[in-house]
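J.:
In this note's numbering, the protein residues as written are 3 to 283.
So, in structure tokens, the structure goes:
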């Protein structure tokens, strides 16, 4: 399952750097993070605080075009990937830690897909504001492993920062009709979510995944800078992306020798897991 919500800078710092999430493993990911020189564990509060406030890792410069008060600024989008209950049970109660690695890998593959297909910013061209694909994200991943016997829960918070880089001279991709100042992102950016969901659910059963790409056309060159991330497409495709995660995880689980049983809406459980045991947890 995948849930998504926006978070403000102070809230993000308090929740992820001062709370219990520092007890688990964490990592920087995304091509945008690489551009900023961010790698390894997310264990430096000052660096994290700078990033969620739209600054460079050392705090020396503003990366965002608009300088907003922290109370007005979307710091990031918290994407929470939750493993199926049978996977959590087998990993955290049954002790098969390979499933934790499988979950992490599925999360990372889904983030890569989001980065490639749904990372956009808005660029002004003539009289229009145009949604432009950038192909990079800055993400802080925090694993949370609840080992309580009554409610084992394996999940990861992927904190997608409100920043993305549009390379100098890069010809990115725009929605076919662009985006007028008064309108939202064009419908041409994505195929219908219902069709995406149907194809992904079928792929779970056939062990293949070929998610459809948004229709797009060339973007203007020579716009090298950091911009705010346009996350409309991420929210619009949240259900589909949750199914993508489930599909990737199912494939990894099968590699470990388990059999999986497809469920509704692209979800699955490990075959042979007692339904009563799952329900009781």
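The C-beta atom is built at its ideal place from N, Cα and C for all residues, glycine as well. For clarity, every value in this text was computed on a predicted model and none was experimentally measured.
(1) Do residue 102 and residue 243 come within 8 Å of each other at the CB atom, strictly closer than that value?
(2) Return the chain-ordered list of same chain residues with a C-beta closer than 8 Å to the C-beta of residue 163, the five sequence neighbours on each side being excluded.
(3) Name the residue from 61, 56, 51 and 29 whose alpha carbon lies nearest to the alpha carbon of residue 43.
(4) Between which two residues does the alpha helix (DSSP H) harbouring residue 234 extend?
(5) Report the option in 47, 91, 4 and 137 whose CA atom is closest to the CA atom of residue 37.
(6) Provide the residue span of the alpha helix (DSSP H) that contains residue 7, from first to last.
(7) Given this structure, state the Cα-to-Cα distance separating residue 194 from residue 3, to the nearest angstrom.
(8) Since residue 101 is in the alpha helix (DSSP H), which residue starts that stretch and which ends it?
(9) So residue 161 is in the beta strand (DSSP E); what residue range does that whole segment cover?
(10) Where does residue 229 sit, in a helix, a strand or coil, going by DSSP?
(11) Classify residue 235: buried if its beta carbon has 16 or more other beta carbons within 10 angstroms, exposed otherwise.
(12) Hey, could you find the ends of the alpha helix (DSSP H) residue 43 is sitting in?
(13) Where does residue 17 fall in DSSP's three states?
(14) Any idea if residue 227 is buried or exposed, counting beta-carbon neighbours within 10 angstroms, 16 or more meaning buried?
(15) Using 10 angstroms around the beta-carbon of residue 180, count the other beta-carbons present and answer buried if the total reaches 16, otherwise exposed.
T.: So, to answer that:
(1) In this structure, residue 102 does not lie closer than 8 Å to residue 243 by Cβ.
(2) Cβ neighbours of residue 163 within its own chain (closer than 8 Å, five residues either side excluded): 34, 53, 54, 77, 78, 139, 140, 141, 142 and 231.
(3) With distances taken between Cα atoms, residue 43 lies closest to 29.
(4) That run of the alpha helix (DSSP H) goes 234 to 238.
(5) Looking at the Cα atoms, 137 is the closest of the given residues.
(6) Careful: residue 7 lies outside any alpha helix (DSSP H), inside the beta strand (DSSP E) at 4 to 9.
(7) For residue 194, the pLDDT reaches just 43, beneath the cut-off of 50, and the residue's location in the model is therefore unreliable, leaving the point undetermined.
(8) That run of the alpha helix (DSSP H) goes 100 to 120.
(9) Counted as a single uninterrupted DSSP element, the beta strand (DSSP E) harbouring residue 161 occupies residues 155 to 163.
(10) In this structure, residue 229 counts as strand in the three-state DSSP scheme.
(11) Around the beta carbon of residue 235, a 10 Å sphere encloses 16 or more other beta carbons of the protein chains shown; the residue is thus reported as buried.
(12) Looking at the DSSP string, residue 43 is not in any alpha helix (DSSP H), and its letter there is neither H nor E.
(13) The answer is helix: DSSP assigns residue 17 an H, G or I state.
(14) Burial call: exposed.
(15) Interpretation of residue 180 is limited by its pLDDT of 42, a score under 50 that renders its predicted location unreliable; the figure taken from the coordinates is listed afterwards. Here residue 180 is buried: its Cβ has 16 or more other Cβ atoms, across all protein chains shown, within 10 Å.
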